[in-house]
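Student: To start, I am sharing the structure in question, which I have written as structure tokens.
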Amino acid sequence: MEKILALAADHGGYELKEAIKKHLDSLGLSYIDLGTDSEKSVNYPEYAAKLCHEIQSGKCYRGILCCGTGIGMSMAANKHKGIRAACASDAFSVRYTRLHNDANVFCLGGRVVGVGLALELVDIFIGTEFEGGRHTARLDMIKNIEDNQ
Ligand code: RB5
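The opening position of the sequence shown corresponds to residue 107 in this note's numbering, with each subsequent residue numbered one higher.
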């Protein structure tokens with residue numbers, strides 16, 4: 107089955123999302139762009155929700171959310187069942203949130219990281235697989251918290 111990434115941003119992350127799209131195009135990777143489509147002010151929780159729904163439905167296997175800091179997007183995304191969103195600006199954190207947390211959403215701050223670094227982090231997010239093993243039981247614990255809300 108084709109692996110499709112979901113992308114979404116608010117106005118603070120719009121420019122970075124566009125740069126990520128170009129990068130994914132150059133790599134020949136498939137994605138869907140859920141907006142926003144300009145720098146006009148919008149509300150990031152709405153875009154986080156759109157993206158999370160695509161992952162929950164199984165249409166997309168992972169997603170990337172961009173806002174000004176990446177933080178608001180990650181807060182909103184983590185309210186959705188089955189979503190493990192990580193906001194990070196360094197390679198170590200991105201690598202380990204895939205290896206250990208099986209993060210399925212990566213949140214970036216368009217006002218925090220430059221495009222060059224952001225694209226390297228995207229490559230790590232896409233290219234690193236979950237280690238499983240002892241980390242699976244920990245993710246089950248997170249799922250239990252979710253199920254018992
Ligand atoms: C929008 O101004 C800004 O608040 C938003 O992009 C994001 O940084 C929120 O966390």
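Yeah, the Cβ is synthetic: ideal placement off N, Cα and C, and Gly gets one too.
Quick caveat, the model's predicted, so the values are computed rather than measured.
For CYS158, name the three-state secondary structure that DSSP assigns.
Tutor: The answer is helix: DSSP assigns CYS158 an H, G or I state.
Student: For the beta strand (DSSP E) that contains ARG168, what are its first and last residues?
Tutor: 168 to 173
Student: Is ASP143 near the ligand RB5, judged by its Cβ being under 8 Å from some heavy atom?
Tutor: no
Student: Could you give the DSSP three-state label for LEU245: helix, strand or coil?
Tutor: helix
Student: Mind the definition here: the region 130 to 137 touches the region 146 to 162 only if three or more C-beta pairs lie below 8 Å; say whether that holds.
Tutor: In the pairwise beta carbon analysis, the region 130 to 137 is classified as not touching the region 146 to 162: fewer than three pairs are separated by under 8 Å.
Student: CB LEU171 to CB ALA197, shorter than 9 Å?
Tutor: no
Student: Verify the contact flag: ILE177, CB atom, against every heavy atom of the ligand RB5, threshold strictly below 8 Å.
Tutor: Answer for ILE177: yes, Cβ within range of the ligand RB5.
Student: So what does DSSP say about SER136, is it helix, strand or coil?
Tutor: strand
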